[in-house]
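K.L.:
Quick one: this structure, given as structure tokens, is what I'll be asking you about.
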């Protein structure tokens, strides 16, 4: 069975004590130092992360403000552009109306001139036709005085017709 030997127990306890002393004197400070460095590193990283989070929130707030300012600027620019376009369109409309009026006036003048030319030519043709018709009906040659009288009477009739 099991027999307890004092030598083995003694040397086991001495070995165990020696191992404990070596561990506590040599290894534990190194492990404690490594653990402290790791804790300091984690604490530093957490502080840096918190600082970055605050900076990110500050940047987010600044970006939101800038976006709001950009939207206001955009709205202002669009409003100004719409107003300029409206004013320009109104100006162009007025210019086109003025151009239309001038063109209409010129065309009316052309029409009046053409109408006057037509009546003048018409009067000459009618006069010639009258002379010819009168000569054929009367079978006589008309004297210049007779031609002038007939022509004046027809001109008066044409003027009345023209006024009508």
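In UniProt numbering, the protein residues as written are 1 to 164.
Quick reminder that beta carbons are idealized off the backbone N, C-alpha and C, glycines included.
Because the structure is a prediction, the values reported are computed rather than measured.
(1) If I'm right that residue 154 touches residue 127 with Cβ under 8 Å, what's the distance once you round it to whole angstroms?
(2) Going straight from the alpha carbon of residue 119 to that of residue 101, what length do you get?
(3) Using only CA atoms, which one of 130, 32 and 31 lies nearest to residue 157?
(4) Helix, strand or coil: how does DSSP classify residue 80 here?
(5) Taking only the alpha-carbon atoms, compute the straight-line gap between residue 148 and residue 116 and give it to the nearest angstrom.
(6) In whole angstroms, give me the CA-to-CA distance for residue 19 and residue 54.
(7) What's the gap between the Cα of residue 151 and the Cα of residue 162?
(8) Starting from residue 2 and walking both ways along the alpha helix (DSSP H), at which residues does that stretch end?
(9) In the segment 31-99, which residue ranges form an unbroken beta strand (DSSP E) of at least 3 residues, counting only runs that do not cross its ends?
P.N.:
A quick look at the data gives this:
(1) 6 Å
(2) 27 Å
(3) When each option's Cα is compared against that of residue 157, the closest is 130.
(4) helix
(5) 21 Å
(6) 49 Å
(7) 16 Å
(8) No alpha helix (DSSP H) holds residue 2; DSSP gives it neither H nor E.
(9) none
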